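Just add 102 to wherever you are in the sequence shown, counting from 1, and you've got my numbering.
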Amino acid sequence: NLLIFFNLLSLGGLPPFLGFLPKWLAINMLMMNKFYLMNFILIMTSLINLFFYLRITYSFLMMNYFEIKFNKIYFNKYNLMTLMSMISLLGLIIFSMITYM
């Protein structure tokens, strides 16, 4: 549950997560080219998206969670989900470490 929450925050583009880097680059390029209205629209729609992601996550975390037990196919899907989540969460830190070495 917590990994889904962090992935939605990454999708929303919050600063410690990997989704922030493309948004930061777009904002920088729009500011350098003096597209202030487009920049404002980008920031406002990002805030609206983040608001909906937080509402979805909040309602998801407040529900009673039960797991379906009759699924007989187990192929380490949790390991794959954990790996992809860690790449998403730590990607910006790893990218900046590689860039400045």
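Even glycine gets a Cβ: it sits at the ideal position worked out from N, Cα and C. Treat the numbers as computed from the prediction; the structure is a model and nothing was measured.
In this structure, the beta-carbon distance from L156 to G114 falls below 9 Å. K136 sits in coil when the DSSP states are folded into three classes, being neither helix nor strand.
With a 10 Å radius around the Cβ and a threshold of 16 neighbouring Cβ atoms, F119 comes out buried.
Excluding sequence positions up to five before and after M133, its CB lies within less than 8 Å of the CB of N141, all in the same chain and listed in chain order.
DSSP, read as helix, strand or coil, puts Y202 in coil.
The beta-carbon separation of T184 and L110, rounded to 16 Å, does not stay under the 8 Å limit for a contact. Its chain contains G114 as the residues whose beta carbon lies nearer than 7 Å to that of L152, once the 5 sequence neighbours on both sides are disregarded; these appear in chain order. Taking the Cβ atoms as the reference, L105 lies roughly 4 Å from S187, within the contact range of under 8 Å. In the structure shown, the three-state DSSP call for G115 is coil.
In the displayed model, G121 falls within coil according to three-state DSSP, outside both helix and strand.
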